[in-house]
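Quick note on numbering: the sequence shown equals residues 1 to 250 in our numbering. C-beta: ideal position from N, C-alpha, C; glycine also. Since we're looking at a predicted model, the values are computed, not measured.
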Amino acid sequence: MKNKIVAGNWKMNKLQKEAKKLIKTLIPLVKDTTNTVVICVPYTDLATAVKLCKDTNIHVGAQNCHWKESGAFTGEIAPSMLKEIGVEYVVIGHSERRTYFGETDATVLQRTQAALAAGLKPIVCIGETLEERNSGNMENVLKRQIVEGFKDITADQLANIVVAYEPVWAIGTGVTATDQQANDAIGFCRSVFEEKYGKEAADNLYIQYGGSMNEKNAEALLNMPHIDGGLIGGASLVAEKFAAVVNAHK
Ligand code: 13P
Numbered sequence: 001m002k003n004k005i006v007a008g009n010w011k012m013n014k015l016q017k018e019a020k021k022l023i024k025t026l027i028p029l030v031k032d033t034t035n036t037v038v039i040c041v042p043y044t045d046l047a048t049a050v051k052l053c054k055d056t057n058i059h060v061g062a063q064n065c066h067w068k069e070s071g072a073f074t075g076e077i078a079p080s081m082l083k084e085i086g087v088e089y090v091v092i093g094h095s096e097r098r099t100y101f102g103e104t105d106a107t108v109l110q111r112t113q114a115a116l117a118a119g120l121k122p123i124v125c126i127g128e129t130l131e132e133r134n135s136g137n138m139e140n141v142l143k144r145q146i147v148e149g150f151k152d153i154t155a156d157q158l159a160n161i162v163v164a165y166e167p168v169w170a171i172g173t174g175v176t177a178t179d180q181q182a183n184d185a186i187g188f189c190r191s192v193f194e195e196k197y198g199k200e201a202a203d204n205l206y207i208q209y210g211g212s213m214n215e216k217n218a219e220a221l222l223n224m225p226h227i228d229g230g231l232i233g234g235a236s237l238v239a240e241k242f243a244a245v246v247n248a249h250k
């Protein structure tokens with residue numbers, strides 16, 4: 001049986017003082033879980049988070065990284081810069097990056113490759129919009145995101161990647177996919193990975209659900225066979241709520 005990977009995506013929230021308070025409250029609340037706990041924090045909170053989480057079971061992640069090692073890329077951050085300060089995970093291709101910052105399947109692939117090369121674990125996000133789902137295109141969109149976004153990724157590399165299925169219509173809306181919808185979509189994604197990488201690799205791959213997941217719906221979602229964890233936005237900003245999601249699955 002796989003454990004679950006529960007990651008908080010703080011997005012653009014928490015000044016240092018608030019971050020410290022949240023992490024200090026969180027540490028004792030999640031210390032006994034057998035699940036993997038990750039917090040993906042803004043760049044300015046990374047060093048603080050790494051320091052506070054040292055010798056705890058909480059792993060620290062960033063929310064993006066560039067594909068080049070260095071150079072004239074104002075406002076970007078290199079994977080090696082994250083690695084150097086002790087960051088372990090990095091969210092890549094979040095729908096907010098795709099929607100507001102021109103992220104494409106091709107740039108997702110480049111960023112993922114660079115993150116892996118630096119020894120980071122990418123959490124690669126995919127998911128359909130409401131229009132895509134309602135027009136019967138959900139599977140086409142997910143398949144395209146996987147085929148294009150993982151084009152040059154080898155089976156060995158896949159073992160170091162976490163995938164997050166986040167239907168865009170469920171993010172920050174309070175509308176969660178039902179357990180069955182989330183499980184079906186993730187099961188479909190797994191079948192696409194299986195076509196390329198084989199059954200064992202696909203079964204071993206961690207695929208999280210994200211989108212209005214919280215302390216109330218986490219247990220049911222995490223009990224679904226295809227759902228290997230969660231990527232939590234709003235509920236990860238409150239230590240007690242995030243801890244309840246982490247502890248929802250024993
Ligand atoms: P919410 O949990 O706020 O819906 O956000 C989900 C998300 O985008 C996590 O990456």
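- Ala164 is not a Cβ neighbour of Leu221, given a cutoff of 7 Å.
- The alpha-carbon separation between Glu76 and Met224 amounts to approximately 37 Å.
- In the three-state scheme derived from DSSP, where H, G and I count as helix and E and B as strand, Val38 is classed as strand.
- Note on Pro28: under 16 other CB atoms within 10 angstroms of its CB, so exposed under the neighbour-count rule.
- Annotation for Gly61: Val38, Cys40, Tyr89, Val90 place their beta carbon closer than 6 Å to its own, counting only its chain and skipping 5 residues before and after.
- Inter-segment contact for the region 231 to 242 and the region 186 to 193 is absent: fewer than three beta-carbon pairs are separated by less than 8 Å.
- For Tyr197, no pairing in a beta bridge is given by DSSP.
- For Gly210, there is no enclosing alpha helix (DSSP H); the residue is part of the beta strand (DSSP E) that begins and ends at 206 to 210.
- For Ser80, the CB contacts under 7 Å within the same chain, skipping 5 residues up- and downstream, are Glu69, Ala118 in chain order.
- Per DSSP, reduced to three states, the secondary structure at Gly149 is helical.
- Shortest Cα-Cα distance from Arg97 to any of Ile58, Phe188, Asn9 involves Asn9.
- Going by C-alpha positions, Ala239 is about 14 Å away from Lys17.
- Leu116 has its alpha-carbon roughly 12 Å from the corresponding atom of Ala78.
- CA-CA distance, Asp156 to Tyr197, rounds to 10 Å.
- In chain order, Ala170, Gly211, Ser212, Met213, Asn217 place their CB closer than 7 Å to the CB of Thr176, counting only its own chain and leaving out the 5 sequence neighbours on each side.
- Around the beta carbon of Ala159, fewer than 16 other beta carbons sit within 10 angstroms, so the residue counts as exposed.
- For Lys17, the enclosing alpha helix (DSSP H) starts and ends at 16 to 30.
- At least one heavy atom of ligand 1 sits closer than 6 Å to the Cβ of Ile232.
- Of the residues Phe188, Asn64, Lys199, the one whose Cα lies closest to the Cα of Asn137 is Phe188.
- The DSSP-derived three-state label of Ile232 is strand.
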